[in-house]
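Note sheet for the following structure.
Residue numbers (the numbering used here): 143 to 468.
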């Protein structure tokens, strides 16, 4: 069982193994498919001047504004900057809706084809993560001991595949599949969603930020207009407690792992990096990019006494990184 305070920071690449979109895929979805999905879900215009026509026109305003912004920036950053836009309400409302649409679709597919999706991916890292950081080679677990594992997870993803899969795996080895024990374990492990989560799972403790509990795989597209409220924009007051908690975890960490993360400077700054990094910490990270970019990124993280040897960013899969630097 690990002893060091360890923080895992997850980007879109970490959920890619479970069929969820990368930042680029979400951007392409918004630009090319969202309007069609919106019309199919809420109905095409049957009468000029109707409320439905107004909604579709507003959805198109959002998509056009996103494309005009360059369309290459992350949707999170675009929405956070929209507070200075003349159509702010429309952009943030339909931006949330577009994200909710895509995450709901991906969850439905994952819940129906989970085994095939995960077997087809060459970096199903969660199995190693679960076995190494939770089981530590044991065939049986002590619920009290595992609930004290000094792990925190900070994720920039909206989906809840991580929570669902950890729950499913723990339930398999807990005596009598005792759901109460599994719930107690997982509710003691901080999983912080910087941009919100589409909905809580039934076993999760309710928070003021997320108003819904729904079984995994039971999301429906017609509920997207309700669930979009759970998607957070960074400058919102409702998000300040989440950011504060994430920064606290990072400041007290002995080890920090970036998994499937793109190292966007805006996202790093949201959680206090590199400002909060300090001497004595060890930083590891994956990066599906060139060695030059990884070197430049590691240089940008140097702060408060950290040395180059304290930061290891390598172009490899998540499982390989966790195996090489346990």
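For glycine and all other residues, C-beta sits at the position ideal for the given N, C-alpha and C.
From a predicted model like this one, the values you see are computed outputs, not experimental measurements.
Who are residue i's beta bridge partners in DSSP?
{"i": "residue 428", "result": "456"}
{"i": "residue 151", "result": "296, 400"}
{"i": "residue 394", "result": "DSSP lists no partner for residue 394."}
{"i": "residue 373", "result": "338"}
{"i": "residue 355", "result": "342"}
{"i": "residue 333", "result": "295"}
My assumption, with CB atoms under 8 Å, is that residue i sits in contact with residue j. Please give the rounded CB distance.
{"i": "residue 311", "j": "residue 272", "result": "5 Å"}
{"i": "residue 153", "j": "residue 429", "result": "About 10 Å; that fails the 8 Å criterion."}
{"i": "residue 399", "j": "residue 299", "result": "At roughly 15 Å, the Cβ-Cβ gap does not stay under 8 Å, so residue 399 and residue 299 are not in contact."}
{"i": "residue 237", "j": "residue 209", "result": "Not really, about 13 Å apart at Cβ, beyond 8 Å."}
{"i": "residue 259", "j": "residue 180", "result": "Between residue 180 and residue 259 the Cβ distance is about 25 Å, and since that is not below 8 Å, they are no contact."}
{"i": "residue 459", "j": "residue 265", "result": "4 Å"}
{"i": "residue 297", "j": "residue 334", "result": "7 Å"}
{"i": "residue 239", "j": "residue 367", "result": "6 Å"}
{"i": "residue 274", "j": "residue 464", "result": "7 Å"}
Within 10 angstroms of its Cβ, does residue i collect 16 or more other Cβ (buried), or is it exposed?
{"i": "residue 155", "result": "buried"}
{"i": "residue 190", "result": "exposed"}
{"i": "residue 372", "result": "buried"}
{"i": "residue 457", "result": "exposed"}
{"i": "residue 466", "result": "exposed"}
{"i": "residue 337", "result": "buried"}
{"i": "residue 362", "result": "exposed"}
{"i": "residue 193", "result": "exposed"}
{"i": "residue 206", "result": "exposed"}
{"i": "residue 391", "result": "buried"}
{"i": "residue 360", "result": "exposed"}
{"i": "residue 301", "result": "buried"}
{"i": "residue 340", "result": "buried"}
{"i": "residue 537", "result": "The requested residue 537 is not part of the displayed model; the chain covers only 143 to 468."}
{"i": "residue 257", "result": "exposed"}
{"i": "residue 433", "result": "exposed"}
{"i": "residue 182", "result": "exposed"}
{"i": "residue 241", "result": "buried"}
{"i": "residue 287", "result": "exposed"}
{"i": "residue 355", "result": "exposed"}
{"i": "residue 172", "result": "buried"}
{"i": "residue 435", "result": "exposed"}
{"i": "residue 165", "result": "buried"}
{"i": "residue 402", "result": "buried"}
{"i": "residue 235", "result": "buried"}
{"i": "residue 169", "result": "buried"}
{"i": "residue 364", "result": "exposed"}
{"i": "residue 197", "result": "buried"}
Rounded to the nearest angstrom, what separates residue i and residue j at their Cα positions?
{"i": "residue 396", "j": "residue 144", "result": "11 Å"}
{"i": "residue 150", "j": "residue 231", "result": "33 Å"}
{"i": "residue 389", "j": "residue 332", "result": "13 Å"}
{"i": "residue 414", "j": "residue 195", "result": "43 Å"}
{"i": "residue 462", "j": "residue 374", "result": "32 Å"}
{"i": "residue 176", "j": "residue 393", "result": "39 Å"}
{"i": "residue 352", "j": "residue 383", "result": "13 Å"}
{"i": "residue 146", "j": "residue 426", "result": "14 Å"}
{"i": "residue 157", "j": "residue 233", "result": "26 Å"}
{"i": "residue 315", "j": "residue 454", "result": "34 Å"}
{"i": "residue 324", "j": "residue 313", "result": "6 Å"}
{"i": "residue 304", "j": "residue 202", "result": "33 Å"}
{"i": "residue 148", "j": "residue 369", "result": "31 Å"}
{"i": "residue 222", "j": "residue 248", "result": "24 Å"}
{"i": "residue 224", "j": "residue 211", "result": "10 Å"}
{"i": "residue 295", "j": "residue 178", "result": "35 Å"}
{"i": "residue 243", "j": "residue 262", "result": "24 Å"}
{"i": "residue 267", "j": "residue 431", "result": "19 Å"}
{"i": "residue 204", "j": "residue 184", "result": "17 Å"}
Task: At least three beta-carbon pairs within less than 8 Å, the stretch 341 to 357 to the stretch 318 to 329 - done: yes
TODO: Spell out a yes or no on whether the stretch 400 to 413 and the stretch 426 to 443 are touching, meaning 3 or more CB-CB pairs, one atom from each, closer than 8 Å.
DONE: yes
- [ ] Evaluate the contact criterion for the stretch 446 to 465 versus the stretch 418 to 431: three or more CB pairs, one atom per stretch, below 8 Å.
- [x] yes
Task: Validate contact between the stretch 241 to 257 and the stretch 287 to 298 using beta carbons, cut 8 Å, 3 pairs - done: no
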